[in-house]
Amino acid sequence: MGAQIIDGKSIGQGILQDVSRGVLDLIEKGIRPHLAVVIAGEDPASHVYVRNKERACETCGILSTKIELPDSTNIEEILRVVDALNRDSEVHGILVQSPVPEGIDEVAIASSILPSKDVDGFHPHNLGRLVQGDLGGLLPCTPSGVIRILEDCGAEMGGKRALVLGRSRIVGVPMALMLAQKGVDATVTIAHSRSEGVEDICKESDIIVAAMGVPHIVKGSWVKPGAFVVDVGISRLEEGGLAGDVSPEVSEIAGWMTPVPGGVGPMTIAMLMSNTLKSAKEINN
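The sequence shown begins at 159 in the working numbering and counts up by one.
Structure (structure tokens):
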């Protein structure tokens, strides 16, 4: 039997419905949740992602503002925009779309956003809370979306071997921390481009979260029969189309698998909306 293909869009729609109800409650109290997105440059994929976020805001009733900056923008100009948004009491969430123009320090930008408005969950304060085992802050959207997928599908995580492929501050590291948290209780390994024996580690893993950005790096022969495989990677192929980190033949081996597109992507946006609602509630508490 082939893997059960997880419909991330359907799970995400459920989250958006919950967010919509929360937004209505705030609007009745005179508070309109407001997300500001800063985008610098003309990267086509980035503009698509921003449009998707704007549509999600519209679906949920969240006010959205897009600030477009030219490709020639420097870090000082971005920081000035962020500072103005930090000081705007009517803005509850701030996101600077990645990637930024070459040569600009994304960590410095993330660190400039007020932790209470950091709906991406990348500020050192929010990541630090996660390291300490505190899930009460604004969590990175993609890892928290992956956890929701696993929970929604009834995946057993406690005591199970979970492998995270990739060590980025955006996905890999926070993903590993969230899988290892008390209450989730997976036994977690992080592998990356310098790791040895990755294929063997994969074969021993009950849960694989692939987030390396390398098309089809995870082969069917790497996967333990019945494993839960979450494909975070997304790459544009030269011949056209999109590809995840997981090769299609994995669907013949795994028990569950997320598709690309339609798996983790919609969940990331849904969790962004959830973070924006949470930020609006806490700022006005």
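All C-beta atoms in this analysis are idealised placements derived from N, C-alpha and C, irrespective of residue type, glycine included.
Under DSSP, V388 shares a beta bridge with V367. Cβ neighbours of H283 within its own chain (closer than 7 Å, five residues either side excluded): P273. It is roughly 6 Å from the alpha-carbon of V195 to the alpha-carbon of I252. Under the three-state reduction of DSSP, K167 is assigned to helix. Between the region 416-432 and the region 384-400 there are three or more inter-stretch CB-CB distances shorter than 8 Å, so the stretches are counted as touching. DSSP, read as helix, strand or coil, puts R319 in strand. P228 is classed as exposed because its beta carbon has fewer than 16 other beta carbons within 10 Å across all chains shown. Judged by their CB atoms, V177 and I236 are not nearer to each other than the 9 Å cut-off. Counting along the chain, the unbroken alpha helix (DSSP H) around K361 starts and ends at V356 to K361. Contact between the region 283-295 and the region 305-318 is not established, with fewer than three Cβ pairs separated by less than 8 Å. E226: member of the beta strand (DSSP E) spanning L221 to L227, first to last residue. When DSSP reads this structure, Q162 sits in a beta bridge with W414. With a beta-carbon spacing of about 6 Å, L435 and P191 fall inside the 8 Å limit used to define contacts.
For H192, the enclosing beta strand (DSSP E) starts and ends at H192 to A198.
Counting only residues of its own chain and dropping the five nearest sequence neighbours on each side, I189 has a CB closer than 7 Å to the CB of A438 and N442. Taking the C-beta atoms as reference points, E226 is found nearer than 9 Å to A198. Annotation for M336: P301 and I305 place their beta carbon closer than 6 Å to its own, counting only its chain and skipping 5 residues before and after.
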